[in-house]
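This report refers to the structure that appears directly beneath it.
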Amino acid sequence: MRGFSQLSNISYKIRILTVLMLIFLRINPGFSQNGDLPFNSQAYHLIDRVDIRGLADTTVHTDIKPYPIDYVGKILGKAYSGRMTAKEQQWTDRQRFLWDDQYAVENRKKGIFGWFYTNERDLYHFASKDFSIFVNPVVGLSAGGDLSQASDTSARKFLFNSRNTKGAQVRGTLLKKIGFFTELTDNQVRYPYFVKKSFDEYGVLFGEGFMKTLGENGYDYFNARGYLTYSPFKFMRIKFGKDKAFWGNGYQSLFLSDYATEHFLLNINTRIWKLEYTNHFAQMIDFIRGKPDDFGTQPKKYAAFHQISYKPSDKLSFSIFESVVYSPVLPGGVRGFELEYLNPIIFYRSVEQSLGSPDNSMLGGSWKANFAHHFQFYGQLLIDDFNWGKRDEGKGYFGNKYGYQLGGKYIDVAGISGLDLQAEYNRVRPFTYQHFNPSANYSHYGQPLAHSMGANLWDANLIVRYQPWPQWYGQAIVTVARRGADLNGVNNGGNIFLSYISRPGDFNNFTTQGELVKLLNLYGKIGYQILRLNAYAEVEARFRRENEFSSMSVLGSLRFNLPDHPIKF
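Last residue of the sequence shown: 570 in my numbering, with the numbers rising by one and none dropped.
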């Protein structure tokens, strides 16, 4: 009877806690929850325009991506339409319709059979006071070709490029506090020859995880991502699941980019007064190429990121960033998961030093300034390691590992509405992102976590965007880059997957040392939005030259609820 009484007491406490939780959910409305804006959506650039032109009714937070969908809807819904051109108003309305659920739900139509596309946007949706759900297919179809040639030979290689993606996406809200998102896709793709070369070298495809090869340049893979969001207070949003992140205002990020495949994460974003504070905890993969199934799981590695941003006005933003990447396996043995890095308000470098300096910690700062309603300057400074005292011993000390980014955006160039320019320069010293323990390098699943080309490089990018009509858009990207590759088996600091212990020397190291790789990448795209759907018909072309090797490709595609995933390198 005593055991039964204890069980009854426990059951009673569980019921009380459940009731209290439900009451808390009901009386603390907070911000409505939903999924996040897909990367490379046109809405990111539109939010930039609203921010730079001063059209928002509040300070716009752009340092941390992806943006919550409800945040995008509120920014676009409250933008000062009286200061927009007619074309801007139509473009803004189209993007708001895609990402403002309440706005779309109000557009109630008969639809197909009274069930499908009743809001002209989602295959199926249901929305009530306490629950909403949006269901959509995911489709990607493309076809084209790639012609590659080495300048020192007459050999020409033609490869057929294509994509066949099909899947489903489901997202929604519960009690206006809990959001959910899940997406499943099955993919068969054929990429240009330079992508095949990269796969042959590293054993992974940019932005993707496990896959199988199909023929000479084909790949077959299944992708799944999903997460929950929860807002316990108006000023806080918690995200838990598997997704990507991008920190910064540039084309590249030196802190954390969406280049690598999705990772398991816990993200806590807090906005109070003029401050935005983000904690990002991640479990990642220390990729082993060609791992047999009977070997077990891919080894795990962990990372933690902090960033605090101060926004004194709607035109200025300053941020301080820190991160640490660590492996549960050290040369001296296994240590497991490091609980100290879960502290959300501590200085990581101090913790890392107190543990014996076994991990890969970084510090950085970023800034953004808008002026004259047409211009924005932004940048990042990343410090992996720096020893000021070594300057008296010689030049080019290997341990002075850092990178910086300088960029600018010009909205409505020469008064032409919808014509926008972006220019960006990145420079990363050799051995940046490397670590003495290769398992703690700044990577996930064999892909860089920051700049897409790793380190020991500089690159200059010019991006032109033009929106001549609300449904039509165009983009052109010119990238000129130099990077230093390893030469004769010597680690020259560009391959972030190596240990910096294997460096050629302590001094006389310089950016692009080693075998110089010269890269020119020209990319252009013209697209058309189909009806008011998240669907696009596009034609893109690329010319790419890397030293003596050049390639040209053309691709026509149809995307339906599938984010654009451009190749940056």
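Think of the CB as a built atom: it goes at the ideal place given N, C-alpha and C, for glycine as much as any other residue.
Keep in mind the model is a prediction, meaning the values are calculated, not measured.
For leucine 176, the secondary structure class from DSSP, reduced to helix, strand or coil, is coil. 7 Å or more divides the Cβ of glycine 404 from the Cβ of phenylalanine 378. In the displayed model, phenylalanine 247 falls within a strand according to three-state DSSP. By the Cβ test, the stretch 356-371 is not in contact with the stretch 478-492, since fewer than three Cβ pairs between them sit closer than 8 Å. According to DSSP, residue pairing for isoleucine 464 in a beta bridge involves Gln423, Ile478. The beta carbon of aspartate 287 is closer than 6 Å to those of Pro300, Lys302, Ser440 in its chain, skipping five residues each way along the sequence.
With the rule of 3 Cβ pairs closer than 8 Å, the stretch 229-247 counts as touching the stretch 257-268. Tyrosine 403 carries a strand assignment under DSSP once its states are collapsed to helix, strand and coil. Looking at Gly173, Leu407, Arg191, Ile321, the one whose alpha-carbon comes closest to that of threonine 183 is Gly173. In the DSSP annotation of this structure, the continuous segment of the beta strand (DSSP E) that includes glutamine 377 starts and ends at 376-386. A Cβ-Cβ contact shorter than 7 Å links tyrosine 529 with glutamine 472. Across the set Tyr194, Gln43, Ile134, the C-alpha of Tyr194 shows the shortest separation from the C-alpha of valine 555.
Here serine 328 is buried. Its C-beta has 16 or more other C-beta atoms within 10 Å. Only residues of its own chain outside the window of five on either side were considered, and among them Leu267, Ala305 have a CB closer than 6 Å to the CB of phenylalanine 282, listed in chain order. Lysine 235 and serine 133 have their C-alpha atoms some 20 Å from each other. DSSP places histidine 126 in the uninterrupted beta strand (DSSP E) bounded by 125-128.
Of the residues assessed, histidine 374 falls on the exposed side of the cut-off, its CB having fewer than 16 other CB atoms within 10 angstroms. DSSP places arginine 50 in the uninterrupted alpha helix (DSSP H) bounded by 43-53.
The alpha carbon of glycine 112 has as its nearest neighbour, out of Asp131, Gly141, Asp101, Tyr125, the alpha carbon of Tyr125.
DSSP places glutamine 170 in the strand class (E or B) of the three-state scheme. Beyond the five residues adjoining it in sequence on each side, phenylalanine 376 comes within less than 8 Å, by CB distance, of Ile53, Gly409, Lys410, Tyr411, Ile412 in the same chain, given in chain order. A straight line joining the alpha-carbon of leucine 47 with that of aspartate 102 spans about 18 Å. For serine 324, the enclosing beta strand (DSSP E) has its first and last residue at 317-327. The Cβ atoms of tyrosine 443 and isoleucine 502 lie no closer than 7 Å to each other.
The criterion of a C-beta distance shorter than 7 Å is not satisfied by asparagine 280 and valine 326.
According to the DSSP secondary-structure assignment, tyrosine 411 is paired through a beta bridge with Phe376, Leu422.
Closest in alpha carbon position to glutamine 468, among Gln90, Phe322, Glu323, Lys519, is Gln90. Counting along the chain, no alpha helix (DSSP H) covers valine 518; the unbroken beta strand (DSSP E) around it starts and ends at 516-530. Under the three-state reduction of DSSP output, arginine 336 falls in the coil class, being neither helix nor strand.
Burial check for phenylalanine 432: the Cβ neighbour count within 10 Å reaches 16 or more, so the residue is buried. When beta bridges are read from the DSSP output, lysine 302 appears opposite Met285. Tryptophan 459 carries a strand assignment under DSSP once its states are collapsed to helix, strand and coil. Here glycine 365 is not near phenylalanine 399, since their CB atoms are 7 Å or more apart. Taken atom to atom, the span from the alpha-carbon of leucine 450 to that of serine 254 is near 9 Å.
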